[in-house]
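Residues 1 to 103, numbered by the UniProt record's numbering, are exactly what the sequence shown covers, in order. All C-beta atoms, glycine included, are put in the ideal place defined by N, C-alpha and C.
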Amino acid sequence: MADFLLRDIDERVAERVKELARQKGWPLNDVLLHLIKQALGLVEPEPPPVPGDIARLSGAWNDEEARAFEAAMAALSGLPDDAPAYVGEERRLGPDRRKFPRD
Numbered sequence: 001m002a003d004f005l006l007r008d009i010d011e012r013v014a015e016r017v018k019e020l021a022r023q024k025g026w027p028l029n030d031v032l033l034h035l036i037k038q039a040l041g042l043v044e045p046e047p048p049p050v051p052g053d054i055a056r057l058s059g060a061w062n063d064e065e066a067r068a069f070e071a072a073m074a075a076l077s078g079l080p081d082d083a084p085a086y087v088g089e090e091r092r093l094g095p096d097r098r099k100f101p102r103d
């Protein structure tokens with residue numbers, strides 16, 4: 001197999017390739033090979049997503065996403081049962097943060 005060295009890659013192109021690698025969970029080399037083959041018509045293009053199809057959302061979270069989700073769930077677990085009534089009201093809480101100040 002031949003090896004190629006690419007130079008002077010536009011920053012937008014480089015970022016998009018990295019983004020595709022993250023999305024697919026592929027090494028950069030595999031993404032680049034796939035894109036070249038696709039551009040040359042050597043592989044079938046990926047079918048467009050079906051509107052409303054949630055299958056594309058399946059998969060696993062990375063460590064940072066998992067930690068953020070766990071932190072959000074922990075924060076929500078401390079809310080009272082009628083929490084929707086309190087959403088966005090924290091700025092109006094009094095100094096003792098337990099009740100609303102009198103107007």
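Check, Outcome
"Residue burial classification, residue 31 (beta-carbon count within 10 angstroms, cutoff 16)", "buried"
"Check whether residue 18 and residue 28 have beta carbons under 8 Å apart", "yes"
"Of the residues 53, 22 and 81, the one placed nearest residue 60, counting alpha carbons only", "22"
"Rounded C-alpha distance that separates residue 34 from residue 78", "47 Å"
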